[in-house]
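Q: Can you keep this structure in mind? I'll have questions shortly.
Here is the structure:
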């Protein structure tokens, strides 16, 4: 029977020994045999299972879902693939939207026509969201439609309102005002209303935005937002 040590499997698959040890620890892939000297040994079935794991990971499927697919006999891999295909199709459509907007700007510039800043802002926002897994296509499209419905002056007013709200929250936080104080709750209602105008579902948007800004903290800091202030705002919104 052909067997492989962990280092040999690592070379065959391109994975690290540390990754293979992690798979062993979490019960995803245990080496079937142990040599007389105590070495863990993989067999052909183990290697085939590992190839299955690698394929699913390359499709962008989470480790938890991969583990279910290879350990739960009642798990239906079709559902997993359907879900992943839907996510990929959403991502492709968002990339097509970005392409169309960039083509539009390119055509205007080729003709020597002026391109106002709102078009660039729209494209930057859409590119950022299209690269992120935290916003669904529907949510990103709602946000984008909200932007396109405003002219440049309206967009500036929205941004200024956002800055005023953040400044108001920070002022109250630094004064030690509790989250349930009427002044803070009034700010929280305006805050929630702004987000609902942008995407509709505040709870879903706030969860997505929280994950998104963990990856793009510089964008949040541009408005004066930091983790302490965000937690203060979050607690206030929960009380309204």
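Residue numbers (UniProt numbering): 1 to 240. Glycine residues also receive a C-beta, built at the ideal position from the N, C-alpha and C atoms. If you're wondering where the values come from, they're calculated on a predicted model, not measured in any experiment.
For residue 180, which residues in the same chain have their Cβ closer than 6 angstroms to its Cβ, ignoring the five residues on either side in sequence?
A: Here the set comprises 239.
Q: From what residue to what residue does the alpha helix (DSSP H) around residue 41 run?
A: No alpha helix (DSSP H) holds residue 41; the beta strand (DSSP E) holding it covers 40–42.
Q: Count the other C-beta atoms from every protein chain shown that fall within 10 angstroms of the C-beta of residue 31, then say buried if there are 16 or more, exposed otherwise.
A: Counting Cβ neighbours within 10 Å, residue 31 comes out buried, since at least 16 surround it.
Q: If you follow the alpha helix (DSSP H) that residue 69 is part of, which residue opens it and which one closes it?
A: That run of the alpha helix (DSSP H) goes 63–71.
Q: May I ask which residues mark the beginning and end of the alpha helix (DSSP H) holding residue 28?
A: From DSSP, residue 28 is part of no alpha helix (DSSP H); its letter is neither H nor E.
Q: What residues match up with residue 34 in a beta bridge as DSSP calls it?
A: According to DSSP, residue 34 bridges with 40.
Q: If you drop the 5 nearest sequence neighbours on each side, which residues of the same chain put their C-beta closer than 7 angstroms to that of residue 52?
A: Same-chain partners within the cutoff: 70.
Q: Look at residue 229 and residue 169 and say whether their C-beta atoms are less than 8 angstroms apart.
A: Cβ atoms of residue 229 and residue 169: closer than 8 angstroms.
Q: Could you check the C-alpha separation between residue 235 and residue 173 for me, to the nearest Å?
A: Answer to the nearest angstrom: the Cα atoms are 12 angstroms apart.
Q: Thinking C-alpha only, which one of 187, 106, 193 is nearest residue 254?
A: Since the first residue shown for the chain is 1 and the last is 240, residue 254 is missing from the structure and cannot be characterised.
Q: Using C-beta distances below 8 angstroms, list every residue in its chain close to residue 88, excluding the 5 sequence neighbours before and after it, in chain order.
A: Here the set comprises 60.
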